[in-house]
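Read through the structure below, which is laid out as structure tokens, and then see the notes.
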Amino acid sequence: MPVANELNALMALMVLIVLLTLVSTVMIYRSWQRQRGSIEALSKQEAMFRTVADYTFDWEYWQGLNQEIIYMTPSCERVTGYTPAEFIADPDLLIRIIYPEDRPVMARHFHDITRGIRTPADFRIVRRDGGIRWISHYCRVVTGDDGQPLGHRASNRDITAAYQAQASLRASEEKLRGLYELSPLGICLTDMQGRFVDFNHAFLLICGYSEQELKALDYWTLTPKKYVADERRQKEALERTGRYGPYEKEYRRKNGSLVPLRLNGVLITGADGKDYIWSIVEDITERIQSEQALRESESRLNELFENMSSGAVMYHASEDGRRFIVASVNRAVERIEHVRRADLIGKNLEQAFPCAVTSGLPNILQRVWQSGVGEHFSLSFHCEGRMAGWRENYVYKLPGGEIVVIYDDVTQRKQAEEALRQQEALLRTVLNTLPVGVWVADAQGAIRTGNEAGRRIWGGARTIEPEQYGECKGWWHDTGKPIAAHEWALVRAIGKGDTALDEVIDIECVDGTRKTILNSAIPLRDDNGRITGAITVNQDITERIAAEAALLQSNADLEQFAYSVSHDMRQPLRIVVGHLQLLARGLNAKLDDEDRDNLNFALDGARRMDAMIVSLLEYSRVGRKTESKRWMLSSESLDEALSFLAPAIEEAGAGIEISGQWPRIFASHDELTRLFQNLLGNAVKYHEAGQPPRIEVASAVTAGRWRVSVRDHGIGIDLRQIDRLFQFFSRLQSRARFEGTGMGLALCRRIVEHHDGRIWVESEGEGQGSTFIFELPVKSPGNETGP
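As structure tokens, then:
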């Protein structure tokens with residue numbers, strides 16, 4: 002009987018073992034099935050993420066603990082010129098392509114990553130083709146379920162265009178990035194009742210309170226009630242071991258949201274002998290998210306869609322790719338299209354984006370859906386019959402059949418390009434209508450463009466590089482000295498920033514002819530003052546120079562002729578006067594009154610003719626037979642003229658008042674003396690009988706010009722006759738009233754013009770007096786530095 006009982010017990014035990022085995026097998030199979038389903042789901046989500054990542058604009062990669070490349074997106078080739086395979090085969094390539102000056106920055110960055118500090122960094126890379134690109138780099142440590150690091154994941158964005166074109170935006174972004182980089186772990190000090198004694202800025206960010214608000218709260222205010230039991234156990238561990246944690250819980254932030262945290266703490270004794278708790282608080286939101294592979298994939302996909310600056314739209318295809326329904330859009334779409342995503346999701350393409358239909362976008366989506374080959378293109382779209390903008394599009398097909406359109410609004414860029422084309426066309430038209438030659442050179446001095454007038458002046462056109470300036474043949478017009486390569490106005494403008502205006506030079510044209518031109522050049526500068534090029538302007542004055550030379554020769558010939566004629570005429574005229582005087586003395590007793598008057602008229606005419614010839618001789622001597630110009634005190638000529646006129650001044654009882662500044666000038670002493678003598682002599686002569694002349698002489702120097710005015714209160718001038726005043730032998734008064742040849746003021750004009758000045762008269766009319774004014778330069782063109 003005992004044996005039977007033992008057998009029965011043994012059989013029952015075996016049955017139980019078999020049942021347990023069957024149950025375990027079933028449970029293991031079911032667990033395996035669930036695990037297999039999870040793995041398949043994870044693989045599918047990972048494939049979808051990898052597909053989206055493969056088509057993202059950003060260059061991303063995952064690097065293991067041993068620096069090996071685990072994954073590299075295809076976009077690396079667009080950014081760097083190197084393929085993913087080249088990076089995977091040679092991980093050091095990531096360091097070598099960094100611009101040498103930026104390598105220390107990235108070395109510090111990678112060191113910070115190993116310490117758990119995640120900060121973005123901007124650096125430059127050297128592409129395969131030698132081009133320099135700016136990269137915005139962000140990476141973070143990848144950890145496993147056990148919290149151990151598995152490497153780091155990096156995201157790189159090509160920000161070259163933004164770096165070059167949006168300096169102000171870049172500065173703002175760098176400031177925000179810098180603030181983000183200063184976010185370490187939160188640290189706080191509490192007493193044993195949980196009141197906050199001290200904390201850092203990161204802790205404030207975690208809690209969402211201000212410093213004043215947080216000091217009025219305690220540890221328990223931030224802790225949800227569901228953690229009361231856990232808190233009790235952590236406090237017991239703290240009292241038992243002097244530390245607590247690592248311990249995971251949540252804080253309730255000021256806005257009511259919960260933030261997951263990882264805490265470690267240590268018990269210390271303060272200087273006051275009381276116990277305090279130092280706690281290190283880490284926001285583990287990202288770690289919590291990374292623990293769930295499916296959620297991580299969905300989060301990354303959502304992050305890609307939501308945070309990229311480009312608009313992203315995902316379509317579900319239906320009816321064999323004939324209709325496309327909007328499945329999701331990112332925030333950029335709302336910003337670009339000025340529409341809420343709720344108004345787009347669930348609608349077909351034609352309803353969501355009616356303006357895109359006329360641009361041909363539906364046909365392109367159908368083509369990509371059928372072929373599976375992505376396309377990149379730009380489209381203009383029209384609304385209500387007018388062009389509404391431009392979009393640059395990238396269209397891809399996901400493994401699940403969804404169509405993704407990633408696009409940017411490039412309307413402003415296209416409009417700027419069109420405006421630039423129009424401005425260039427307008428500038429070209431203006432340049433080609435100018436009568437002067439215009440040439441534009443770059444910062445290296447290479448001639449890049451020129452107008453039609455410039456090509457005509459130079460007898461053709463060819464590309465001129467800086468090293469070819471020595472081949473251009475030119476001479477300084479005034480000296481005939483050859484122009485060296487570094488002396489050309491364009492070279493000086495680019496090399497030194499000099500501005501050259503109207504330099505007279507002789508050139509040998511491309512066709513071998515020689516011309517005289519006015520050559521000018523000015524440097525072009527950017528907003529920072531750096532020279533970016535130069536413009537040179539040429540004006541052909543060959544014919545003008547020839548005409549001026551002919552005119553100068555003609556004037557010289559005329560002056561010589563006038564001098565010769567007037568000089569030679571005086572001899573026979575003196576003989577005529579002498580014989581008339583002999584006749585007058587010899588026949589005086591035999592002539593009646595009429596004959597005597599006729600003889601006197603003849604003598605008077607001969608004397609006046611002699612005076613006119615003398616005046617003409619004096620006119621022709623100006624600049625030829627007078628003293629050379631020299632630096633002199635202007636008052637010396639005035640004093641000498643007054644001494645010459647002293648008898649006439651005394652006879653007329655004239656009063657002369659002299660005032661003002663009398664400078665040193667570059668002039669001919671005797672010509673200036675004659676100028677004062679004529680002007681003052683006229684002022685003394687032309688006055689009403691019985692009224693002593695009153696004369697005011699004033700001198701002033703302004704803006705490099707010396708102005709002298711001689712004012713009288715005499716007979717004045719008929720305003721209708723003023724234009725005749727400075728002409729040869731021009732008399733406004735009868736000889737019976739005032740003697741003169743009419744050459745005095747013409748001689749004054751001649752002297753003033755010989756000194757590069759001008760002379761004029763002002764009068765309010767007859768009987769109102771006159772003011773004669775002349776201006777001369779204080780400096781001479783041949784002596785700019787003065788006496």
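Residue 2 is where the sequence shown starts when you use the numbering used here, and the numbers rise one by one after that.
Don't be surprised by glycine CBs; every beta carbon is placed ideally from N, CA and C.
This one's a predicted model, so the numbers in the text were calculated from it and none came from an experiment.
C-alpha gap between residue i and residue j, whole angstroms
i: Tyr139; j: Ala155; result: 6 Å
i: Tyr245; j: Gly401; result: 48 Å
i: Glu425; j: Val439; result: 15 Å
i: Gly498; j: Trp477; result: 21 Å
i: Glu299; j: Gln293; result: 10 Å
i: Glu504; j: Ala747; result: 34 Å
i: Gly266; j: Ile281; result: 6 Å
i: Arg323; j: Val374; result: 17 Å
i: Arg712; j: His670; result: 22 Å
i: Gly768; j: Gly715; result: 6 Å
i: Gln540; j: Tyr687; result: 50 Å
i: Lys415; j: Trp391; result: 7 Å
i: Glu237; j: Gly82; result: 60 Å
i: Glu214; j: Asp273; result: 25 Å
i: Glu307; j: Gly132; result: 31 Å
i: Ala486; j: Ile448; result: 14 Å
i: Asp93; j: Asp159; result: 20 Å
i: Ile96; j: Pro105; result: 11 Å
i: Gln582; j: Leu592; result: 14 Å
i: Ala328; j: Val314; result: 8 Å
i: Phe354; j: Leu206; result: 41 Å
Short Cβ contact (7 Å threshold) for residue i with residue j
i: Val198; j: Leu186; result: no
i: Tyr408; j: Gly312; result: yes
i: Asp507; j: Thr514; result: no
i: Phe124; j: Asp91; result: no
i: Gly446; j: Ile404; result: no
i: Ala660; j: Ala699; result: Looking at the sequence provided, one finds Ser at residue 660 rather than Ala. Closer than 7 Å, so yes.
i: Pro261; j: Ile289; result: yes
i: Leu218; j: Gly152; result: no
i: Ile657; j: Ile696; result: yes
Local conformation of residue i per DSSP, three classes
i: Glu385; result: coil
i: Pro664; result: coil
i: Glu403; result: coil
i: Lys630; result: strand
i: Ala447; result: coil
i: Ser700; result: strand
i: Thr286; result: helix
i: Ile118; result: coil
i: Ser311; result: coil
i: Glu370; result: The displayed chain sequence assigns Trp, not Glu, to residue 370. Helix, per DSSP.
i: Lys398; result: strand
i: Tyr164; result: helix
i: Arg706; result: strand
i: Pro75; result: coil
Where residue i falls, given that 16 or more other Cβ within 10 Å makes a residue buried
i: Gln64; result: buried
i: Lys482; result: exposed
i: Thr500; result: exposed
i: Lys474; result: exposed
i: Pro694; result: buried
i: Met193; result: exposed
i: Val753; result: buried
i: Thr286; result: exposed
i: Thr270; result: exposed
i: Gly347; result: exposed
i: His112; result: exposed
i: Cys384; result: exposed
i: Lys226; result: exposed
i: Glu69; result: exposed
i: Asp528; result: exposed
i: Ala642; result: buried
i: Gln678; result: buried
Cβ of residue i within 7 Å of any chain C Cβ
i: Arg79; result: Absent from the structure is chain C; it holds one protein chain and no more.
How do the region 705-717 and the region 766-779 stand: do at least 3 beta-carbon pairs fall below 8 Å, yes or no? Contact holds between the region 705-717 and the region 766-779, because three or more Cβ pairs, one in each stretch, are under 8 Å apart.
Are the region 632-645 and the region 664-680 in contact at 8 Å, needing three or more beta carbon pairs? yes
Would you call the region 277-293 and the region 353-373 in contact, with 3 or more CB pairs under 8 Å? For the pair of segments examined, the region 277-293 was found not to touch the region 353-373: the number of CB pairs separated by less than 8 Å stays below three.
For the region 433-448 against the region 338-349, are there 3 or more C-beta pairs whose distance is under 8 Å? A contact is defined here as three or more CB-CB pairs under 8 Å, and the region 433-448 fails this definition with respect to the region 338-349.
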